[in-house]
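What follows is one structure encoded as structure tokens, with my remarks underneath.
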Amino acid sequence: MTKTTPQRILNSLSDAFPHDSDLKRLKAACRLSAFALGLLQLCGNLQRNLLSGDATSYLDIADAYGRGDFSAAVNAFWSPLYSWLLELFLLVFEPSPRSELTIVGLANLFIYLSALAAFDFFLREWIRFQNERAEATGEPTPEGDSTRATLPAWTWYVFGYSLFIWSSLELNFVARITPDMLVSALVYAASALLVRMRRRQTNWSLYLLFGLLLGLGYLAKTAMFPLGFVFLTSALVAGRGGFRRAAPRVAVAIVAFLCVAAPFIYALSESKGRFTFGESGRLNYCWHVNRVGQFINWQGDSDVRLAHPTRKIFDEPAVYEFGAPVEASYPPWYDPSYWNEGLAPRFDLRRQTDAIIENVGYFLKQYSYKSFPNGIAVVMLFLLYLSRSRLAVLKGLVAHLFVLLPALAAFVMYLLIHVEGRYVAAFAVLLCVSLLASVPLEASARRGASLPLAAFFMLTALVLSIGASFFHSLSNTLRRTPNEQVQVAEGLRALGLLEGERVGSIGDAIYSSWPRLARLRVVAEIPYVVKGVQDEPTGEVEKFWSADDATKARVVEAFKETGARAIVARRIPLGASTTGWHRIGETKHYVYFIR
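In my numbering, the protein residues as written are 5 to 599.
Here's what the structure looks like:
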């Protein structure tokens, strides 16, 4: 019988994908693709303004550790491990301010490759576990196959690496100067050990290593401290031989976890005068759930009295000073827990409900319309359709609870307070692979063109999802667009500002990287926002530019009293007086030297 055109297409598609007997080239292609795409994203975005906000703080903390100033380095808001890695690269390469971005990018590439290696380790353990589970639970068929066998190994590599690339490059970002990629690497490594525990390994050293990885996870991000105990609970679930055999080994993991975490917890508690393992969760709960305070320059209110907020030194327009005691490129964001001391979270059911609804809505809005999340959903529904046993799906979910538990806990924790894709990148992968593994397929479905069709669909969704951004990255790599923040920093140094000198800013300097690159200290600013986190800009900058000369002179005098030698403005509005202001090179920034 002559084959129809759809049949020919399906047969060609089936032949295009390798079988389990030809995995070597597929593995190499997956790893090379992940490496090349990560490198391209890094190179294409290296010269973007990536040093603002969090990044500046991590680098300043790295400097503090490098010079041995531990009292300044121990920080209750930012975790230390990422700063330690940055400082290692800075010490080895000793970059100039201009080349610092390149060296930080090199550190990020190292972390990304570590995440890639950890994921590959996890995937290999995962495939072995699925094969062993299929052999143990499958029911033989006339063809000698199993009705409950897992997906073929080649399918796991296609699906798994598609998930890794999407989560690492879309939910996360290789060039972003934050510890989220480092957290992903540690999550993958810890999850791989969980799978090995579930398979057969029960030696004590495995649990010891597991605890050490969880401790490093906490040092990478405070949120990993509570999640560490969820992972330890999963180890109890995963351990073979029952609770009585697993419990003493998990106890060893707990001891290792606490041994790594305890010194930093002790240092934080000493600095705060009370027990704490980090203040980021408390502050984010206040900001995002209670809707109290703001990220920077909040002065407290009738209900909350702050111990030492930044100091308001001018009313109209609002000018805030923060030159002491914190010394950093931008002190208000170097340690927000210091400036917001006294702000404490309070449970409010209505606000908590509002926060959950907003976070779920944000996540759906950000990702529901994108190609790859929809591709994942379609593939899962397609595989579920191919499965004849719906009860077996529930049994599969229970069998993978030891991996599902940390993933679900992470999503719940962040949805309660504030969620961003980068926070849950690795956990999204764990969730998806667990769901995929929980769907049992009939032998006919695994051996026909159904799986190649699903794999083709997922790869197409991935290309559509990341294609535009990677063409943009490639264009940036070829164009080598100059970084305006670097130009501003070099311009300020060329105009005579020296390392460590104090300056003021018109506009929030938290969004600028020139202070860090020029090695200057912002000690006062006119912000855009002076009220709540969600408020619109209050026009403080516009108030300054529209003020009369006498008011401007008083504002400049207020800046002078902080010790600032100059004031930097991002731009000057049309029609505003530019007397005394000097444009910094060809940028949109201007500087006013205080006499």
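Note that the Cβ used here is the ideal one computed from N, Cα and C, for glycine as well.
Keep in mind that this is a model prediction, so the values were computed, not measured.
Can the beta-carbon of residue 521 be found less than 9 Å from the beta-carbon of residue 507? no
Could you check whether residue 185 and residue 116 sit closer than 9 Å to each other, using their CB atoms as the reference points? yes
Determine the DSSP secondary structure at residue 69, reduced to helix, strand or coil. helix
DSSP three-state assignment for residue 508, whether helix, strand or coil: strand
Buried or exposed for residue 309, going by 16 or more other Cβ atoms inside 10 Å? exposed
Within the same chain, show all residues whose beta-carbon is closer than 7 Å to that of residue 461, passing over the 5 residues directly before and after it, in chain order. 379, 382 and 383
Got a sec, what are the start and stop residues for the beta strand (DSSP E) residue 594 sits in? 594–597
Using a Cβ-Cβ cutoff of less than 6 Å, which residues in the same chain neighbour residue 600 once the five nearest sequence positions on both sides are dropped? Missing from the structure shown is residue 600; the chain here goes from 5 to 599 and no further.
Helix, strand or coil for residue 322 per DSSP? coil
Inter-residue Cα distance where the pair is residue 474 and residue 288: 32 Å
May I ask which residues mark the beginning and end of the beta strand (DSSP E) holding residue 585? 585–587
My assumption, with CB atoms under 8 Å, is that residue 387 sits in contact with residue 440. Please give the rounded CB distance. 7 Å
So, using beta-carbon positions, are residue 337 and residue 361 closer together than 9 Å? no
Leaving out the 5 sequence neighbours to the left and right, which residues in its chain are closer than 7 Å to residue 226 when beta-carbon positions are compared? 83, 281, 282, 284 and 285
Considering Cα atoms alone, identify which of 265, 170, 454 and 76 is closest to residue 391. 454
Which residue from 582, 505, 430 and 326 puts its Cα closest to that of residue 570? 505
Under 8 Å by Cβ, that's how I've got residue 407 and residue 164 pegged, so tell me the actual separation to the nearest angstrom. Contact flag wrong, Cβ pair sits at about 13 Å.
Give me the residue from 377, 530, 463 and 292 with the minimum Cα distance to residue 351. 292
What are the start and end residues of the alpha helix (DSSP H) that includes residue 571? Taken as a continuous stretch (DSSP letters only), residue 571 belongs to no alpha helix (DSSP H), being part of the beta strand (DSSP E) at 570–573.
Coil, strand or helix - residue 530 by DSSP: strand
Just to confirm the assignment: which complete alpha helix (DSSP H) runs, minimum length 4, are found wholly within the region 272–299? 284–289
From what residue to what residue does the alpha helix (DSSP H) around residue 547 run? 544–550
Distance, Cα to Cα, residue 595 vs residue 312? 30 Å
Residue 122 and residue 76 look like a contact to me (Cβ under 8 Å); what is the Cβ gap, rounded to whole Å? Contact flag wrong, Cβ pair sits at about 32 Å.
Do the CB positions of residue 323 and residue 559 come within less than 9 Å of each other? yes
Residue closest to residue 183, alpha-carbon to alpha-carbon, out of 66, 575, 271 and 389: 66
Which of helix, strand or coil DSSP assigns to residue 317: strand
How many angstroms separate the CA atom of residue 423 from the CA atom of residue 175? 11 Å
Taking the alpha carbon of residue 564 as the reference point, which residue from 593, 587 and 526 has its own alpha carbon closest? 526
Have a look at residue 557 and residue 315 and give me their C-alpha separation to the nearest angstrom. 20 Å
Backbone CA spacing between residue 304 and residue 335 [nearest angstrom]: 18 Å
Counterpart residues of residue 525 in DSSP-defined beta bridges: 506
Which same chain residues, not among the five before or five after residue 553, have their C-beta less than 8 Å away from its C-beta? 581
Could you tell me which whole alpha helix (DSSP H) segments of length 4 or greater appear in the region 217–268? 228–242
Answer yes or no: do residue 125 and residue 192 have a C-beta to C-beta separation smaller than 9 Å? yes
Proximity below 9 Å, CB of residue 469 to CB of residue 333: no
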